[in-house]
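**Q**
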Amino acid sequence: MRQPILMIPGPTNLDRSVLEALALPAIGHTSGEFYDEFGELLALAASAFMAKKEQMVVITGSGTFGMESGIATFLGNGKKVLAIVNGFFGERFAQIAEIYGSKVRRLTVGDGRSAGEDELARALSEDDYEAVLMVHSETSNGVLNDVSALARVAKEKGVYTFVDAVSSLGGVKLDFGSGLYDFVFASSQKCLAAPPGAALIAISDELRSVIRSGTVRSYYFDLGRWVDIMKDPKIYLTTPAIPNFRALRVALKNLVNEGVERRWERHSMLGRTAWRFSDDTGIRLLARDRSPTVSAFYVGKGAPAIKERILKDRNILVATGIGGERDSVIRIGHLGLTDKRLMDETLAAFSEALRSVAGSSP
Ligand SMILES: Cc1ncc(COP(=O)(O)O)c(C=O)c1O
């Protein structure tokens, strides 16, 4: 069967070197070979976050592991949390905080906008918050929150900043070394161009110092258990997804070889290509403050048929909207390994499909 080219917002197409790492013979998780590779993986992950190796945690799981472990470890049990909600994943972050007993207030931001510094400052001054939650690149609608500006506001108020960087890390500037952030998580299957299966987390020294292992009402999500394993992966906690970690290590090497800044710039170019396409065709983007890694186009209706048409004609897979927007939105993920040629081909296929699918006019 012909494999489609992935232009969904993750998982992404994989480089041959990454596929080869997935196909290596099995090794044990307590072997010297895995131990060495894991150490290297942490150092490479730190480069992608611009963090220190000692601040990194990499665990078998998906992006949601990062989200839930951060809440479970630091923010449950009545802690006051301000959640910026610009879309589906911001809402998920808030919901998980509620499940763990945080007192959550939502700062809901509509119209495809990033939260503003003033509105965040105002909201934070209304109560004594422990943390603010925000999504860097809101994959459901392509909104980009200006996380460095927002984190600066939170820092001034002495509030921890938790950032979901699942569809931004590696694709949009995020400098953990700036000291603005306390908890940032990403996953392997987006801009890092590795297979799904690993959550990558950076924890600030200040936040790490409040970890009290064993006080959390979860086993797997208690990061206190995991930080020791990062120092010595020979200690058994759970069995890691070894092939995924080996593939992630190669994907991160590829990222470092490309250059972190250069990868941001490539994504920025892809974003500009999508925005120019929207200007030229009049197909509206849901986002006003736009992520360079994912674009959500409003097509009115018939999105599933448009998606099928693109797949049939060009063997390219795009995504429809999430939840209530399934029928009216096409989402294109321009992340990971995507280059200008594939981006242009995808956008050409999209406008052809729009024209050919009866009844869908934006
Ligand atoms: C912004 C964002 N946050 C969280 C998630 C959840 O990640 P996962 O599906 O890897 O659990 C996603 C997944 O697409 C995402 O895009």
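Heads up, the final residue of the sequence shown is numbered 342 in the working numbering, and it's a clean run with no missing numbers.
Think of the CB as a built atom: it goes at the ideal place given N, C-alpha and C, for glycine as much as any other residue.
#1: Measuring alpha carbon to alpha carbon, tell me which residue in D144, T(-8), R192 and G58 is nearest V127.
#2: Mind checking R246: buried by the 16 CB within 10 Å criterion, or exposed?
#3: Pull the bridge partners of M114 from the DSSP assignment, please.
#4: Given 7 Å as the limit, tell me if D144 has its C-beta closer than that to any heavy atom belonging to ligand 1.
#5: In terms of alpha-carbon separation, which member of I222, E110 and H116 lies closest to L55?
#6: Note down, in chain order, each residue of its chain lying with its Cβ closer than 7 Å to the Cβ of A25, except the 5 sequence neighbours on either side.
#7: In whole angstroms, what is the alpha-carbon distance linking P(-16) and I263?
#8: For ligand 1, is there a heavy atom less than 7 Å away from the beta-carbon of P(-11)?
#9: Give me the Cβ distance between H314 and L235, rounded to the nearest whole Å; I'm assuming they're in contact under 8 Å.
#10: Measuring CB to CB, does D269 end up less than 8 Å from L100?
#11: Would the C-beta of V115 count as close to ligand 1, meaning under 7 Å from any of its heavy atoms?
#12: Under the three-state reduction of DSSP, which class applies to K137: helix, strand or coil?
#13: Please list, in chain order, all residues of the same chain as S117 whose beta carbon is under 7 Å from its beta carbon, the five residues on each side excluded.
#14: Where DSSP assigns a beta bridge to A179, which residues make up the other side?
#15: According to DSSP, which residues form a beta bridge with Y278?
#16: Do the segment 6 to 19 and the segment -12 to -3 meet, that is, are 3 or more Cβ pairs less than 8 Å apart?
**A** So, from the data block:
#1: D144
#2: buried
#3: V143
#4: yes
#5: E110
#6: M36, V38, L180 and L232
#7: 24 Å
#8: yes
#9: Not confirmed; about 16 Å, so no contact.
#10: no
#11: yes
#12: coil
#13: L124, S147, S148, V152, S271, T273 and V274
#14: I39 and S167
#15: V309
#16: no
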